[in-house]
Each structure stands twice: as structure tokens, then as C-alpha cells.
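Residue numbers (my numbering): 329 to 655.
Glycine included, every Cβ here is placed at the ideal spot set by N, Cα and C.
Remember, predicted model here, so these are calculated numbers, not experimental data.
Some notes on the structure that comes next.
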């Protein structure tokens, strides 16, 4: 049993990614499956993914007290970084004609940088030896910032008649906050009213990692489906692929350096900040592209999901082998 657990700890994410891609290709290209099974499974994946994420967060939040959520200096560094890397490209876009390839790629980079941290970032952070509570704190902070900054900036890049700041603000809150806030409130309610149940649930907090594996398979399935249905050319796909890869690498590295650069920064801070900045809510990124930008930019979300999980897989493998995942 121990060998199975070690194997899953090392290979869970690559296996989940391979399963998601393979299943999507089978349902898309096999005629007997594409006619009915693809539509049904896609609907299931869209509905099941939020429920699994909420369950995963609920298990994690049982380990965290409200007193554990503290502001760190690197939180500010990361918030400023994400804000600047979203606003400056937006201003550059105003100088470039609509429909040009360069503008499309800049818009993809904008979304990759401003996208909030994945709610599941704490699962990987905890596995790598980082701080779960600091990760959760940043997830809350960046979602709040994104809810205000995105509706303010997007109209500069893509003005849409009838869409106001409050339309965008409430749309983002509706998309993100229930998934994040509800599991947190339920977990804390149990902590202060039913302590025995909270202790019992804490025994199963490690299950969050395996739930994340299933969630990831569904996420990659939906990301691959979005790529197949995007209709973009091979060259455009390659360009977006390279941009999303560059954004992913830059953010993991910048996050790690910010964690170490903060006063009293430790290896744990570096791991936590790296995951907080590098690991994105790719489902939100795809939705953001479709809802506020152009459908092509949503492809960056699917590709970013692949890159960040390849990074996570490498880090988990090296950490389990006793190597430094920051190398």
C-alpha cells in the first residue's frame, strides 16, 4: 500500500493530465462516442469540477484557524507584480490595432498575469513543505484584487456597450467567491461548534491531494476540448503556447524570489510564494477570455493549465526524492 501511495504522490498529476487529454481525444475523434457521449461527459465535467474543488477546499480549511491567516510582506510584492503586469500591457494594447497578432498575444499575457491563484494551490504547497495558511491568505487577497482591477481595466482594452464596472465586478464575484468563501465558512463553523467532527475531518485532509488529481483530469479534459474547438491556426496556437509557457515560468520564478526577498524570507516562504504566483485558476482564465476579451485568448488558459501542472509534477517528484524543488 505504501508503494502505491508513493507512486501516486510522484505521478498523480502527469497521470491525471494524460487521462484528461486521452479521454477528450477519444470522445472527440471516435465517431461512436462523439455523437452523444462527449456532450454528456462535458456537462458532467463542468458540473462536477466546482463541487470537487469545494470539497477539496473544505478538507484543507479544516486544518486552518482564522488566526492562521496572516499578511506577509511577499503577499504585497505579488499583488503589485500581478497588478502592474496586467495594467501596463493593457495600456500598450490601446496603441495596437484590433485584430493584430501582437495585440492578441499581449492580451493572452495579460490574462495569464492577472488570473487569481488556483484554489488548489494550497494542496501542492502543503505537499512541497510550504505554508497552507499563507497560501490560502493570498488566494483570498488576489481574488479580491482581481474582482476590482479586472472590471476597471478590461473596458480600456475591449470596451463593450452596456457593460459597466459593477456588471464585471458581480460577474467575477459570482464566478469565484462562492467556491472559495462557502467552504471556508462551513469549515470554520464546524471548528467552533462541533470540535469532534472537525478533528475527525482533519484525519482526511490528505485526501485533498487525490481529489485534486480527479479535478485536474476534468480540468485538462475541458481545456483540451476548448483548444480543439477554438478553430485557431497552428501558428497562432504555437504563438499562444510560447507566450503562456513564458508567463508560467516567469511567475513561478518571480514568486520564489519574492518569497526569499521578503524580510525573514525562508525556503517555506519561497515555495509558498512560487505556488501562489505561478499556479492559476485556469478555469477562471478561460472564462475571462470568453467573457471579457476574445475567444482566442481563452486558449491561453488551457495551455497555461498544462504548463503549470508540468511544473508541479516536477516539483513534487524532486521533493519526494529529497531534492530541492527550487533548483
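(message) Can you give me the C-alpha to C-alpha distance between residue 566 and residue 443, rounded to a whole angstrom?
(response) Approximately 21 Å between the Cα atoms of the pair.
(message) DSSP three-state label for residue 350, please.
(response) In the three-state reduction of the DSSP assignment, residue 350 falls in the helix class, which pools H, G and I.
(message) To test your reading of the DSSP string, which unbroken alpha helix (DSSP H) runs of 4 or more residues are found completely within the segment 436–523?
(response) Runs of the alpha helix (DSSP H) inside the segment 436–523: 449–456, 460–485 and 493–521.
(request) Within its chain, find whatever has a CB closer than 6 Å to the CB of residue 658; leave out the 5 residues flanking it on each side and keep chain order. (result) In the structure as shown, the chain starts at 329 and stops at 655, and residue 658 therefore has no counterpart that could be examined.
(message) Alpha carbons only, please: which of 424, 382, 347 and 602 is nearest the one belonging to residue 513?
(response) Comparing Cα positions, the closest option is 382.
(request) Provide the residue span of the alpha helix (DSSP H) that contains residue 642, from first to last. (result) Taken as a continuous stretch (DSSP letters only), the alpha helix (DSSP H) holding residue 642 covers 627–648.
(request) Specify whether the segment 462–471 and the segment 383–403 touch according to this definition: at least 3 beta carbon pairs, one from each stretch, less than 8 Å apart. (result) Yes, the segment 462–471 is in contact with the segment 383–403.
(message) Using CA atoms only, rank isn't needed, just tell me which of 486, 509 and 609 is closest to residue 426.
(response) Closest by C-alpha distance to residue 426, out of 486, 509 and 609, is 486.
(message) On the criterion of 16 or more Cβ atoms from any shown chain inside 10 Å, does residue 574 qualify as buried, or is it exposed?
(response) It is exposed - the Cβ of residue 574 has fewer than 16 other Cβ atoms within 10 Å.
(request) Note down the Cα distance separating residue 612 from residue 503, rounded to an integer number of angstroms. (result) If I take the Cα positions, the gap works out to 8 Å.
(message) Do residue 515 and residue 389 count as a contact pair if the criterion is CB distance below 8 Å?
(response) It is a contact, given that the beta carbons lie within the stated cut-off.
(message) Taking a contact to mean a Cβ-Cβ separation below 8 Å, would you say residue 437 touches residue 527 in this structure?
(response) It is not a contact, given that the beta carbons lie outside the stated cut-off.
(message) Helix, strand or coil, according to DSSP, for residue 391 in the structure here?
(response) Residue 391: coil per DSSP, three-state reduction.
(message) For residue 536, tell me which candidate among 367, 498, 380 and 359 has the shortest Cα-Cα distance.
(response) Minimum Cα distance to residue 536 is reached at 380.
(message) Using a 10 Å radius around the Cβ and a threshold of 16 neighbouring Cβ atoms, would you call residue 405 buried or exposed?
(response) Classification for residue 405: buried.
(message) Would you call the segment 408–422 in contact with the segment 550–558, where contact means no fewer than 3 C-beta pairs closer than 8 Å?
(response) Contact annotation: the segment 408–422 does not touch the segment 550–558, with fewer than three C-beta pairs closer than 8 Å.
(request) Using the DSSP secondary-structure output, state which residues sit across from residue 608 in a beta bridge. (result) Residue 608 is bridged to 445.
(request) Return yes when the Cβ of residue 440 is within less than 8 Å of the Cβ of residue 475, no when it is not. (result) Here residue 475 is not near residue 440, since their CB atoms are 8 Å or more apart.
(message) Assuming residue 701 is part of the alpha helix (DSSP H), what are its boundary residues?
(response) For the chain, the structure presents residues 329 to 655; residue 701 sits outside this window and is missing.
(message) I'd like the span of the alpha helix (DSSP H) that includes residue 536, first residue to last.
(response) 535–556 is the extent of the alpha helix (DSSP H) around residue 536.
(message) Just to confirm my understanding: we take residue 541, look at its own chain, exclude 5 residues before and 5 after, and list those with CB closer than 8 Å. What are they?
(response) The answer, listed in chain order, is 336, 340, 341, 343 and 344.
(message) Quick check on this structure: which residue in 624, 620 and 544 has the alpha carbon closest to the alpha carbon of residue 637?
(response) Nearest to residue 637 by C-alpha distance, out of 624, 620 and 544, is 544.
(message) Can you list, in chain order, the residues of its chain with a C-beta nearer than 7 Å to that of residue 590? Leave out the 5 residues immediately preceding and following it.
(response) Only 400, 401, 402, 405 and 597 meet the Cβ criterion.
(message) Quick check on DSSP: helix, strand or coil for residue 618?
(response) Here residue 618 sits in helix by DSSP.
(message) According to DSSP, simplified to helix, strand and coil, what is residue 426?
(response) If DSSP states are grouped into helix, strand and coil, residue 426 belongs with coil.
(message) By the three-class DSSP mapping on this structure, what secondary structure does residue 598 have?
(response) In the three-state reduction of the DSSP assignment, residue 598 falls in the helix class.
(message) Am I right that residue 355 and residue 365 are in contact with their C-beta atoms under 8 Å? What's the rounded C-beta distance?
(response) For residue 355 against residue 365, the beta-carbon gap comes to about 6 Å, under 8 Å, which counts as contact.
(message) Quick check: the Cα distance between residue 647 and residue 359, rounded to an integer number of angstroms?
(response) Residue 647 and residue 359 have their alpha carbons spaced roughly 42 Å apart.
(message) Please tell me whether residue 554 and residue 626 are closer than 8 Å, where the distance is taken between their beta carbons.
(response) When the beta-carbon positions are compared, residue 554 and residue 626 come within less than 8 Å of each other.
(request) Assign residue 398 to one of three DSSP states: helix, strand, or coil. (result) The three-state secondary structure of residue 398, taken from DSSP, is coil.
(message) Less than 8 Å between C-beta atoms, sequence neighbours within five positions excluded: which residues of the same chain meet that for residue 477?
(response) These residues qualify, in order along the chain: 411, 414, 415 and 442.
(request) Verify whether the separation of the beta carbon atoms of residue 609 and residue 445 is less than 8 Å. (result) The answer is yes: Cβ separation under 8 Å.
(message) Quick check on this structure: which residue in 433, 431 and 520 has the alpha carbon closest to the alpha carbon of residue 393?
(response) The shortest C-alpha separation from residue 393 is found at 520.
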